[in-house]
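Note sheet for the following structure.
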Amino acid sequence: MFIVRRLAKTFLLALIIIKSANAQLTEVKTDSGAYLGYSSEHVEGVIAYKGIGYAAPPVGDLRWKPPAPAIPFPGVREANLAGPACWQAKNSDASVYARGDLSRSEDCLYLNVFTEAVSPKESMPVMVWFHGGGNTAGHGGPLIFDGSNLAKRGAVIVTANYRLGAFGFLAHPELTAESEKNSSGMYGILDQIEVLNWVQRNISVFGGDPDRITIFGQSAGGTDVCLIMSSPLAEGLVDGIIGQSPGCIKTSTTLDSGGHEQGRKFSQALGLDGAGADVLQEMRDLPPQEIVSAMRSAGSGGGPLIDGWVVPGRPYDLLENGEQNLVNVMVGGLADEYFGLQHLSPEISEAELTDYLVNTFGEDSSEIRTLYSKEIVESPLSARKVIAGDNGFILASRMWGRLVESRGSDAYVYYFSRPAPVFRLYVPDEKDLNNDGGGRTLGAYHSGELAYVFNNLDIVGLGWETADRQLSDTIADYWVNFAATGDPNGPGLPVWPKYNSNLDMVQILDTPVKTSVHPRKLELDRMERIYMDGR
């Protein structure tokens, strides 16, 4: 059993404090060098430190290796620009998830810190954010993830990059053979754990408390924080976890049951089909653009899996057996997840929907069809979107909450149902996706809660209303309260009860915020039984 306990501080980092007019921390010394921060552009009283290296560039012989220590440097570096995104393919500008022409590099292991502390003695709770993007795209530096508004609520906010796609999640038999841990394919998760190690060593100089670290992430990031909860390497590094639209509970792929096979397909897509150190050297000598191209032709570069070292077993089993890190969890999903993820998909026929149901639920497909008969009549495509969201993010969230509750920790489960304005989340200069001023055409779509969580409605998006701002204030308070105390509740907030699987009461994040039996209880109960029968 991995019982969370705080590691003793091994040394005290030197602190340089330059007193500005309001006595803020503007220069700090980390264990690799000194950085000069700058006043936030968006919130008075917050200092932002951007582009801090937390590990060495994973290039050359360090490609497909665990992160190495950051390289020390002399003098003081300006921390006014987020580091480049890790290598990824450019996505469609017609997508709500368009990321534009990002600066991309393998030298990408950077993080950003937002703090309103005036002294390291303040010991504020710390929130570490891991972005979504299918573990193949995204970065920690978009405007929507600016941590200034959360920091103003009394937390130190950290956002970070981690290796993506084949760079971060390639499992391959030769990489496994090379590894001292007999493991491969989890470099992106190892990067995230290295962020937490960096936080342990350095966050006190930013006014953060290394004994109160909450990790939070959305979509792939939500899955990743769940995997970190499953990792013995994270013991003592985390005190709370917030999973937004996670999917890790059902993770079952291992090195031998698909990981190595996918890696072979990937090396073949590169035109390399050899063995031993020679093929690895050839792969490490390739330019990153070729790696990205091979990801497309191979279908992917891999994804998080059970490698036996970073994650020793199936997350569901580890939770069920009480072998995960014992921390409180706040977790949930959105009512219309796939209306965003598949918003460019063409309509499908009932026959195509039937094929989807049979492939997904087998002999139980007819029962699922009955449960969603109303949605099917309205539109087979819409029905598939609702079913996919329920069977994926929504079910995974509730199962995670149930498992946490069953082993004695506190869980808080939410269901976000407020239809959000539709805009390009990550391209603030071209945010209006449909030229409708932020119409709410996708409901409570996947990622639609991000601006609410970061309380950034005044700096990203369009079409916001007073009710949205009130909801965002409530959500941001819940998130920071949870980081501070392990409980989202606080003065003036709607009461959010601990999750009880017998009652199945969840917090509905909408206008108004309320507590209710899970709106998808009947459907989720059946889907969970199908999953359990197939284990």
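Heads up, the sequence shown is in this note's numbering, so the first residue is 492 and it goes up one at a time.
Just so you know, even glycine gets a beta-carbon here, dropped at the ideal spot from N, CA and C.
Here the structure is a predicted model, which is why all the values come from computation and not from measurement.
{"Item": "Whole-angstrom C-beta distance between F660 and G679, which should lie under 8 Å", "Value": "6 Å"}
{"Item": "Nearest candidate by alpha-carbon position, reference D455, set I684, M720, G645 and L724", "Value": "Coverage of the chain is limited to positions 492 through 1026, which leaves residue 455 absent and any answer about it impossible."}
{"Item": "Element boundaries [alpha helix (DSSP H), containing A668]", "Value": "P664 to E669"}
{"Item": "N-terminal and C-terminal residue of the beta strand (DSSP E) that D730 is part of", "Value": "Counting along the chain, D730 falls outside any beta strand (DSSP E), and DSSP gives it neither H nor E."}
{"Item": "Cβ-Cβ separation, V537 to F605 (assumed contact under 8 Å), whole Å", "Value": "6 Å"}
{"Item": "Neighbourhood of S900 by C-beta distance below 8 Å, restricted to the same chain and skipping five residues each side", "Value": "L817, V818, N819 and V820"}
{"Item": "Euclidean distance between Cα positions of F707 and V519", "Value": "25 Å"}
{"Item": "Residues that Q998 bridges to, as DSSP identifies them", "Value": "Y905 and T1006"}
{"Item": "Contact check, W555 vs P779, beta carbons under 7 Å", "Value": "no"}
{"Item": "Other residues of its chain near D776: CB distance less than 6 Å, five sequence neighbours each side excluded", "Value": "none"}
{"Item": "Supposed contact pair D682 and A546 - C-beta distance, whole angstroms, cut 8 Å", "Value": "7 Å"}
{"Item": "Where D702 falls: helix, strand or coil (DSSP)", "Value": "strand"}
{"Item": "Identity of the residues DSSP links to A559 by a beta bridge", "Value": "DSSP lists no partner for A559."}
{"Item": "Completely contained alpha helix (DSSP H) runs for the segment 842-927, where each covers 4 or more residues", "Value": "856-862, 864-869, 871-880 and 886-897"}
{"Item": "Cα-Cα separation between Q759 and Q753, rounded to whole angstroms", "Value": "10 Å"}
{"Item": "Proximity below 7 Å, CB of S523 to CB of P557", "Value": "no"}
{"Item": "Distance CB(C599)-CB(G623) smaller than 7 Å", "Value": "no"}
{"Item": "The ligand NAP heavy atom lying under 6 Å from the CB of K1005", "Value": "Of the ligands one can find in the structure shown there are none, so the ligand NAP has no counterpart to examine."}
{"Item": "Outcome for V1008 when other beta-carbon atoms lying within 10 angstroms are tallied against a minimum of 16", "Value": "exposed"}
{"Item": "Nearest candidate by alpha-carbon position, reference P611, set N571, V904, T521 and I684", "Value": "T521"}
{"Item": "Cβ distance (whole Å) where A466 is taken to contact Y936 below 8 Å", "Value": "Here the chain has residues from 492 to 1026 only, and residue 466 is not among them."}
{"Item": "Option in A711, N688, T667 and T965 with minimal Cα separation from P795", "Value": "A711"}
{"Item": "Residues that L527 bridges to, as DSSP identifies them", "Value": "E518 and E569"}
{"Item": "Residues near A514 in its chain [Cβ-Cβ closer than 7 Å; skip 5 each side]", "Value": "Caution is warranted here: a pLDDT of 47 is assigned to A514, below 50, making its placement in the model unreliable, and no coordinate value can be reported."}
{"Item": "Cα-Cα separation, S594 to L572", "Value": "12 Å"}
{"Item": "Nearest-angstrom beta carbon gap, D881 and L1015 [assumed within contact, 8 Å]", "Value": "6 Å"}
{"Item": "Three-way DSSP call (helix, strand, coil) for G1025 in this model", "Value": "helix"}
{"Item": "8 Å contact criterion, which D1024 and K1012 should meet: CB distance rounded", "Value": "So it is not a contact: roughly 19 Å between Cβ atoms."}
{"Item": "CB of D798 within 7 Å of CB of G676, strictly", "Value": "yes"}
{"Item": "W955, enclosing alpha helix (DSSP H) - first and last residue", "Value": "First-last for W955: undefined, no H or E at that position."}
{"Item": "Beta strand (DSSP E) segment containing K672, residue limits", "Value": "Premise fails: K672 is in no beta strand (DSSP E) and is neither H nor E."}
{"Item": "Any C-beta of chain D under 7 Å from that of H533", "Value": "No chain D appears in this structure, which consists of one protein chain only."}
{"Item": "Residue from Q772, I885, S840 and E866 with nearest C-alpha to A826", "Value": "I885"}
{"Item": "When L809, W800 and G762 are compared against S788, the one with the closest alpha-carbon", "Value": "G762"}
{"Item": "Cβ contact check for the segment 930-948 and the segment 858-867: 3 or more pairs under 8 Å", "Value": "no"}
{"Item": "Buried versus exposed call for N673 [16 or more other C-beta atoms within 10 Å across all chains shown]", "Value": "exposed"}
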